[in-house]
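Since the structure comes first, as structure tokens, the remarks are kept for the end.
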Amino acid sequence: MANKTRLNKTPFVNMFLYEENIPETIINQAAITGVKKMKDQNQSFVQSFKQMWGNYPEVAMLLDKNHFIVAVNKFAEDLGVKPGINCFSLNQTDRMCRHCKAPLMHKEGKAQRLVGFYDGRGVVDGYWIPVEGNDSLYVHFGNNITEWADPDRFPQIKQSEVSDKK
């Protein structure tokens, strides 16, 4: 029986070949080709994101499974949000936000929504939407709906208005 030869140590190459003496250059070339293909595919998703969300009037972000920002719309860009950082760092924290629905979105494979009151932001209607054709990317955005929110459901609105007038 032939020896199992592991292709490569890179995490996305996760298979074994039942051949002996596979040249290391072929193994490495397969890994490099895989990385280039993934990069090209992600560029296509970034371009599509910018076409669809570029002019959206609130912050919209394309993120990966590890919460790294891959792309942002113009509104976010104008606020100084840049790709390459964790989204939760925007809230001055080093861990995922407690209200984040991305893990549930990934687990269930469908969009998630959360409406909540956030100090300094008001009532936000937030969404986490998986990207069709790429299970590691998702779009996250939120709309400030404070002026339409029911003050009985969100009593913080009244408290916020009082503290703003002081």
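Be aware that the sequence shown starts at 2, since it is given in the working numbering, and climbs by one per residue.
Backbone N, C-alpha and C define an ideal beta-carbon position, used for all residues, glycine too.
Check: Quick one: what does DSSP say residue 151 is sitting in, helix, strand or coil?
Finding: Along the sequence shown, read from residue 1 onward, the residue named residue 151 stands at position 150. Residue 151 falls in the coil class under three-state DSSP.
Check: From 100, 129, 61 and 92, pick the residue whose C-alpha is nearest to that of residue 107; which is it?
Finding: Your numbering for residue 107 matches position 106 in the sequence shown. The residue with the shortest Cα to Cα distance from residue 107 is 129.
Next item on the list: Please check the pair residue 140 and residue 77, which I expect to be a contact at CB under 8 Å, by giving their CB distance rounded to whole angstroms.
Entry: Position 139 of the sequence shown, counted from the start, is the residue given in the question as residue 140. Position 76 of the sequence shown, counted from the start, is the residue given in the question as residue 77. Incorrect: roughly 12 Å between the Cβ atoms, too far for contact.
Checklist line | Rounded separation between residue 74 and residue 156 - CA only | finding: On the sequence shown, residue 74 is found 73 positions in, with the first residue counted as 1. On the sequence shown, residue 156 is found 155 positions in, with the first residue counted as 1. Within the model, the alpha-carbon separation for residue 74 versus residue 156 is close to 32 Å.
Note to self: Closest to residue 93 by C-alpha separation, out of 82, 159 and 151, would be which residue?
What the structure shows: By one-based count along the sequence shown, residue 93 stands at place 92. That would be 82, whose Cα lies nearest to the Cα of residue 93.
Next item on the list: Output yes or no for whether 7 Å exceeds the beta carbon distance between residue 124 and residue 147.
Entry: Start at 1 with the first residue of the sequence shown, and residue 124 comes out as number 123. Start at 1 with the first residue of the sequence shown, and residue 147 comes out as number 146. When the beta-carbon positions are compared, residue 124 and residue 147 come within less than 7 Å of each other.
Next item on the list: Go to residue 115, then tell me how far its beta strand (DSSP E) extends in each direction, as first and last residue.
Entry: As a position in the sequence shown, residue 115 is number 114, starting the count at 1. Where residue 115 is concerned, the enclosing beta strand (DSSP E) stretches over 113–119.
Margin query: Among the candidates 154, 66 and 71, whose CA atom is the shortest distance from the CA of residue 102?
Written below: Walking along the sequence shown from the start, residue 102 turns up at place 101. Across the set 154, 66 and 71, the C-alpha of 66 shows the shortest separation from the C-alpha of residue 102.
Notebook entry, point to check: In terms of residue numbering, what span does the alpha helix (DSSP H) encompassing residue 89 cover?
Noted result: For the purposes of this step, residue 89 is identified with residue 88 of the sequence shown, where counting begins at 1. Following the DSSP letters along the chain, one finds residue 89 in no alpha helix (DSSP H), marked with neither H nor E.
Next item on the list: Evaluate residue 105 with the Cβ neighbour count: other Cβ atoms within 10 Å of its Cβ, from every protein chain shown; 16 or more gives buried, anything less gives exposed.
Entry: Here the question's residue 105 lines up with position 104 in the sequence shown. Around the C-beta of residue 105, fewer than 16 other C-beta atoms lie within 10 Å, and the residue is accordingly described as exposed.
Checklist line | Host alpha helix (DSSP H) of residue 107 (start-end) | finding: Position 106 of the sequence shown, counting from 1, holds the residue named residue 107. Here the alpha helix (DSSP H) through residue 107 covers 103–109.
Note to self: Going by DSSP in three states, residue 70 sits in which element: helix, strand or coil?
What the structure shows: Here residue 70 refers to the residue found at position 69 when the sequence shown is read from its first residue. In the structure shown, residue 70 sits in a strand (DSSP, three-state: E or B).
Check: According to the neighbour-count rule (16 or more other Cβ atoms, all chains shown, within 10 Å of its Cβ), is residue 113 buried or exposed?
Finding: Position 112 of the sequence shown, counted from the start, is the residue given in the question as residue 113. By the beta-carbon neighbour count (other beta carbons within 10 angstroms, threshold 16), residue 113 is buried.
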